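Asks: The numbering used here puts the sequence shown at residues 9 to 392.
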Amino acid sequence: MIKKKICFVLGSRANYSSIKTVMTEFKKNLNFNIQIILFNSSILDRYGDISELLKNDKFLIKDKIFTLVEGEKPLTMAKSTGLGLIEISTCLNRISPDLVFVVGDRFETMATAISSTYMNIPLAHTMGGEVTGTIDESIRHALTKLSHLHFVATKNSKIRVKKMGENPSNIFQVGCPRIDFVKETLELTKLNKDDIKDGVGYQIDYDKPFIIFSYHPVTTEYVDIKNQIDLLLSCINDLDIQSIIIWPNADAGSGEIAKMIRIYRERGCLKKTKLFKNIPTQTYIHLLNKTKCIVGNSSSGIREGNYIGVPCVNIGSRQHLRERGKNVKDVGYNKKKIINAIKTQIKIGKYSRDFLYGDGKAGKKIVNILEKIKNIKVQKTINY
Numbered sequence: 009m010i011k012k013k014i015c016f017v018l019g020s021r022a023n024y025s026s027i028k029t030v031m032t033e034f035k036k037n038l039n040f041n042i043q044i045i046l047f048n049s050s051i052l053d054r055y056g057d058i059s060e061l062l063k064n065d066k067f068l069i070k071d072k073i074f075t076l077v078e079g080e081k082p083l084t085m086a087k088s089t090g091l092g093l094i095e096i097s098t099c100l101n102r103i104s105p106d107l108v109f110v111v112g113d114r115f116e117t118m119a120t121a122i123s124s125t126y127m128n129i130p131l132a133h134t135m136g137g138e139v140t141g142t143i144d145e146s147i148r149h150a151l152t153k154l155s156h157l158h159f160v161a162t163k164n165s166k167i168r169v170k171k172m173g174e175n176p177s178n179i180f181q182v183g184c185p186r187i188d189f190v191k192e193t194l195e196l197t198k199l200n201k202d203d204i205k206d207g208v209g210y211q212i213d214y215d216k217p218f219i220i221f222s223y224h225p226v227t228t229e230y231v232d233i234k235n236q237i238d239l240l241l242s243c244i245n246d247l248d249i250q251s252i253i254i255w256p257n258a259d260a261g262s263g264e265i266a267k268m269i270r271i272y273r274e275r276g277c278l279k280k281t282k283l284f285k286n287i288p289t290q291t292y293i294h295l296l297n298k299t300k301c302i303v304g305n306s307s308s309g310i311r312e313g314n315y316i317g318v319p320c321v322n323i324g325s326r327q328h329l330r331e332r333g334k335n336v337k338d339v340g341y342n343k344k345k346i347i348n349a350i351k352t353q354i355k356i357g358k359y360s361r362d363f364l365y366g367d368g369k370a371g372k373k374i375v376n377i378l379e380k381i382k383n384i385k386v387q388k389t390i391n392y
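1. Under the rule that 16 or more other beta-carbon atoms within 10 Å means buried, what is lysine 373, buried or exposed?
2. First and last residue of the beta strand (DSSP E) that includes lysine 282?
3. Any idea what DSSP makes of phenylalanine 34, helix, strand or coil?
4. Does the segment 278-298 come within contact of the segment 69-87, defined as at least 3 CB pairs closer than 8 Å?
5. Considering only C-alpha positions, which residue in the set Gly183, Gly309, Ser20 and Lys205 is nearest to asparagine 359?
6. Cutting at 8 Å between CB atoms, please list the residues of its own chain near isoleucine 122, excluding the five before and the five after it.
7. Classify lysine 205 as helix, strand or coil using the three-state DSSP reduction.
8. Report the three-state DSSP secondary structure of isoleucine 249 (helix, strand or coil).
9. Leaving out five residues before and five after threonine 125 in sequence, what residues of the same chain have Cβ atoms less than 6 Å from its Cβ?
10. Write down every uninterrupted run of the alpha helix (DSSP H) in the segment 37-81 whose length is 4 residues or greater and which is fully enclosed by it, in chain order.
11. With a threshold of 8 Å, are at least 3 pairs of Cβ atoms found where one atom belongs to the segment 200-207 and the other to the segment 218-234?
12. Answer with buried or exposed for phenylalanine 395, where buried requires no fewer than 16 other C-beta atoms within 10 angstroms of its C-beta.
13. Have a look at glutamine 211 and threonine 299 and give me their C-alpha separation to the nearest angstrom.
14. Assign arginine 332 to one of two classes, buried (16 or more other C-beta atoms within 10 Å of its C-beta) or exposed (fewer than that).
15. Do arginine 186 and arginine 311 have their C-beta atoms closer together than 8 Å?
16. When you compare each of Leu241, Leu131 and Gly366 to valine 17 by their alpha carbons, which one comes out closest?
17. Could you give the C-beta distance for threonine 140 and leucine 329, rounded to a whole number, given that I count them as a contact under 8 Å?
18. Could you please give the first and the last residue of the uninterrupted alpha helix (DSSP H) stretch that includes alanine 121?
19. Looking only at its own chain, which residues have a Cβ that is under 6 Å from the Cβ of asparagine 391, when we skip the five neighbours before and after it?
20. Using CA atoms only, rank isn't needed, just tell me which of Val208, Asp248, Leu196 and Gly276 is closest to proline 217.
21. So if DSSP puts valine 336 in a beta bridge, which residue, or which two residues, is it bridged to?
22. Measure from the C-beta of phenylalanine 180 to each C-beta in chain C and report whether the shortest distance is under 8 Å.
23. With a threshold of 7 Å (Cβ to nearest heavy atom), would threonine 117 be considered close to the ligand PLP?
24. From isoleucine 44 to threonine 120, what does the alpha carbon distance come to, in whole angstroms?
25. Would DSSP call glycine 371 helix, strand or coil?
26. Tell me the residue span of the alpha helix (DSSP H) that contains lysine 355.
27. DSSP beta-bridge partners for isoleucine 179?
28. Take every Cβ of the segment 24-41, pair it with every Cβ of the segment 368-384, and state whether three or more of those distances are shorter than 8 Å.
29. Can we say the segment 344-359 touches the segment 65-79, given the rule of at least three CB pairs closer than 8 Å?
30. Going by C-alpha distance, which of Ile265, Arg102 and Asp246 is nearest isoleucine 4?
31. In the DSSP assignment, find the unbroken alpha helix (DSSP H) run with leucine 194 in it and report its ends.
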């Protein structure tokens with residue numbers, strides 16, 4: 009029996025948690041052979057190298073490609089994508105997969121999608137059809153148009169992908185694989201406090217109230233990032249509650265965020281705050297389950313937070329129009345409103361669990377669907 013070769017190209021730590029359960033299901037299935045390529049921030053210590061994580065999970069890494077151009081500016085994002093296109097094309101030509109999987113809306117994912125398209129390799133995409141702010145909005149829909157199979161999380165996402173002219177028979181509402189990971193983590197593991205000793209700053213008592221602050225650059229508001237993070241850190245400082253600050257991703261503007269965090273610490277501010285450059289994903293899920301509130305603009309407060317029921321204060325436009333549940337309160341860049349929203353969410357406490365983004369079985373559904381698909385037509389035709 010000839011096994012189908014399924015290639016997963018992972019460009020960040022978030023990519024892995026977003027597709028891990030799918031990879032696991034493929035690995036268990038005798039009809040498939042998985043190939044894993046790591047590139048961009050996924051192999052850099054600064055952003056959380058996932059190499060050892062994959063090895064611990066018993067995944068074999070086929071190749072590592074260094075493509076991230078330093079600078080954290082719009083220019084370097086474009087250059088990183090271009091370099092990724094060159095290097096990934098070489099890698100795909102060598103391993104010759106039958107199908108390539110791409111995840112979500114990260115800028116580096118475009119390199120994989122363009123390369124696969126020109127090389128006539130069918131492309132499968134998860135988390136398409138969703139709506140947000142920042143450059144991710146454009147990247148996500150571009151990925152949809154380059155992809156052949158669409159594994160979407162919600163009913164509305166399925167409708168949007170269909171409206172973009174994709175073949176309805178190739179659109180599958182399966183839920184989000186990240187919810188699989190959350191469900192599995194909370195049911196099968198416990199918080200390992202050894203994984204949260206490496207942060208810098210205040211020694212947080214995790215049995216007492218704490219909040220999580222996770223704020224990433226809004227690339228389409230690049231010139232405003234310094235003022236935005238200055239305002240938000242002043243809110244955290246004034247709240248005087250135990251706080252975990254998560255290092256930003258590799259998008260343009262992350263350097264400004266990191267610089268401002270350092271400035272606040274040098275001033276002697278953020279006294280009850282612990283800073284983490286990266287946290288093991290399972291540990292993060294357990295912290296999300298324990299926190300009184302997640303604050304910032306990370307999708308985890310909206311997606312994973314919705315399933316867990318954690319109170320979320322979403323700030324600014326990065327998650328603009330993303331489907332959300334009752335656990336989310338949206339605010340703009342207004343200090344008084346941000347602080348009041350956080351206090352209100354802490355007072356409300358845990359929300360009821362919601363299944364907006366799936367029931368935790370997306371990985372199994374995706375593999376079951378692909379088992380039934382014998383041939384994937386490379387030539388696409390717009391369906392309107």
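All C-beta atoms in this analysis are idealised placements derived from N, C-alpha and C, irrespective of residue type, glycine included. These figures come from a predicted structure and were not determined experimentally.
Replies: In brief:
1. By the 10 Å Cβ count, lysine 373 comes out buried.
2. 281-284 is the span of the beta strand (DSSP E), which, as asked, contains lysine 282.
3. Phenylalanine 34 falls in the helix class under three-state DSSP.
4. Because the criterion of three Cβ pairs below 8 Å is not met, the segment 278-298 and the segment 69-87 do not touch.
5. At residue 359 the sequence reads tyrosine, which differs from the asparagine that was named. With distances taken between Cα atoms, tyrosine 359 lies closest to Gly309.
6. Counting only Cβ-Cβ distances below 8 Å, and skipping sequence neighbours, we find Leu93 and Leu154.
7. In this structure, lysine 205 counts as coil in the three-state DSSP scheme.
8. In this structure, isoleucine 249 counts as coil in the three-state DSSP scheme.
9. Once the five neighbours on either side are set aside, the close Cβ partners of threonine 125 are Leu154.
10. Fully enclosed alpha helix (DSSP H) runs of no fewer than 4 residues occupy 59-64 of the segment 37-81, in order along the chain.
11. In this structure the segment 200-207 does not touch the segment 218-234; the number of beta carbon pairs closer than 8 Å is below three.
12. Because the chain spans 9 through 392 in this model, residue 395 falls outside it and cannot be assessed.
13. For glutamine 211 and threonine 299, the distance between alpha carbons rounds to 15 Å.
14. Counting Cβ neighbours within 10 Å, arginine 332 comes out buried, since at least 16 surround it.
15. Taking 8 Å as the Cβ cut-off, arginine 186 and arginine 311 qualify as a contacting pair.
16. The residue with the shortest Cα to Cα distance from valine 17 is Leu131.
17. At roughly 7 Å, the Cβ-Cβ gap stays under 8 Å, so threonine 140 and leucine 329 are in contact.
18. Start and end: 117-126.
19. Take asparagine 391, set aside five residues on each side of it, and the residues of its chain with a beta-carbon closer than 6 Å to its own are Gly173 and Asn175, in chain order.
20. Distances from the alpha-carbon of proline 217 to those of Val208, Asp248, Leu196 and Gly276 put Asp248 closest.
21. BP columns for valine 336 point to Cys320.
22. The chain inventory of the structure shown lacks chain C, comprising one protein chain alone.
23. In terms of ligand content, the structure shown is empty, and the ligand PLP therefore cannot be addressed.
24. Between isoleucine 44 and threonine 120, the alpha-carbon positions lie close to 13 Å from each other.
25. The answer is helix: DSSP assigns glycine 371 an H, G or I state.
26. Its alpha helix (DSSP H) spans residues 343-356.
27. The bridge partners DSSP lists for isoleucine 179 are His158.
28. Remark: three or more beta-carbon pairs, one from each stretch, lie closer than 8 Å, so the segment 24-41 and the segment 368-384 are flagged as touching.
29. Verdict: no, contact absent.
30. Beyond the ends of the chain as shown, which are 9 and 392, falls residue 4; an answer cannot be given.
31. Segment 185-196, the alpha helix (DSSP H) holding leucine 194.
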